[in-house]
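See structure below.
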Amino acid sequence: MISYILRRTFAAVILLLVVSAVTFAIFFLLPRLAGQTADQLAQQYIGKSPSKADIVAVKHNLGLDQPVYVQYWHFIKGIVAGATYDLGPTTVHCDAPCFGYSFKNHQAVWPELTDRLPITLSLALGAAVLWLLSGVAAGVISALKPRSVLDRTFMGIALTGVSLPMFFTGNLAILLFTYQWPIFGKTYVPFTENPAQWANTLFPAWCSLALLYSAIYARLTRSGMLETMNEDFIRTARAKGLRERTVVTRHGLRAALTPIITVFGMDLGLLLGGAVITESVFSLPGIGQYAVQGITDNDLPKILGVTLLAAFFVVFANLLVDVLYAAADPRVRLS
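Take any residue in the sequence shown, note its place counting from 1, add 547, and you have its number in our numbering.
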């Protein structure tokens, strides 16, 4: 088991290096291949009518006058060991992990990401609990009573939830529960300051995300349970005289959870990388909104930092899913 985890961890590190190289090449190499010079890249971050000396200074400060492979090496070295940046009148040291400095506001990217990460974590984890519990419960009930009123009701709600876009359900939740009936708060409050107000503010966003994702889990659980409940081991468990609740939860649901674990790991990893639409709709200053600001400002270090952080969460989620598979099924370790 330990050797399996080490192999998967090593593969995850290699994958993150590949993702970082590809992302870096997209932002720093492709513009040059398209004919954009280093002077033109530097000119984007200066005011109107810059002088030649200003362009040269900014190009040097941002490292755009160096070959792309040298820039990438400095970037990776900064993540591992920190880096020193020349910001014009001052020189600053960025401790590891250093994702560089913003081209616009000259602030270190990593501290800004860590400041916004708790907001994104709060949004993703709270919504994940809601959609996992509601989706799996609805799927199990629908599978146990196929073609019943409950089955058709739950699947109808699931179809509606997966069809409605987030900007519609989110704005509708804000309109109803923040302005029409002011039940929930408008401004995000950290958990450490006021846990009750923290949950009260995030609850509409949790419900909006849960409505979208629980629909997928309900349909996935229903199809898995319908297939599993007709297996021979289920009939054997019932023949032994086990209670129906035990047969459903310990045998039927457990066997049907394998694809759900896979999808859950991917969905949670992607959300931890930034729920862009949800954070924009509910005005949550998380990683997703930070990514939107970086794209709007064409701030490459911000975009690169968010991309690598999102890739880390996705790779980590896949690694966690693989480990759970190995713990549950020894055949995975042998393969």
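Ideal placement from N, C-alpha and C gives every residue a C-beta, glycine not left out.
Out of Leu759, Ile549 and Pro665, the CA that lies nearest to the CA of Asp814 is found in Leu759. Here Phe622 is buried: its Cβ has 16 or more other Cβ atoms, across all protein chains shown, within 10 Å.
In the three-state scheme derived from DSSP, where H, G and I count as helix and E and B as strand, His653 is classed as coil.
The beta carbons of Ser689 and Arg790 sit no closer together than 9 angstroms. Distance from the Cα of Ile704 is smallest, within the candidate group Arg694, Leu553, Ala762 and Leu670, for Ala762. One thing to note: Leu773 has its Cβ within 9 angstroms of the Cβ of Pro693. Taken through DSSP and simplified to helix, strand or coil, Tyr648 comes out as strand. Its chain contains Arg663, Ile666, Thr667 and Glu826 as the residues whose beta carbon lies nearer than 6 angstroms to that of Gly833, once the 5 sequence neighbours on both sides are disregarded; these appear in chain order. Following the DSSP letters along the chain, one finds Val639 inside the beta strand (DSSP E) bounded by residues Thr638 to Cys641. DSSP places Met813 inside the alpha helix (DSSP H), whose first and last residues are Arg801 to Leu819. Residue pairing by DSSP places Ala630 opposite Cys641 in a beta bridge.
The residues Val794, in chain order, have a CB closer than 7 angstroms to that of Arg785 in the same chain once the five nearest residues on each side in sequence are set aside.
Trp728: not part of any alpha helix (DSSP H); DSSP gives it neither H nor E. Contact annotation: the region 798-813 does not touch the region 734-752, with fewer than three C-beta pairs closer than 8 angstroms.
Burial state of Phe646 is buried, judged by a 10 Å Cβ sphere holding 16 or more other Cβ atoms. With respect to the 9 angstroms criterion, Pro597 and Gln590 are classified as neighbours on the basis of their beta carbons. Per the C-alpha coordinates, the member of Asn777, Gly771 and Gln836 positioned closest to Pro806 is Gly771. For Phe724 against Val828, the beta-carbon gap comes to about 13 angstroms, at or over 8 angstroms, which does not count as contact. Ala822 is the residue among Ala822, Phe780, Tyr592 and Val862 whose C-alpha sits nearest the C-alpha of Ala752. In this structure, the straight-line span from the alpha carbon of Leu576 to that of Arg792 is close to 59 angstroms. In terms of Cα proximity to Ser649, the closest of Gly610, Thr584 and Ala600 is Gly610.
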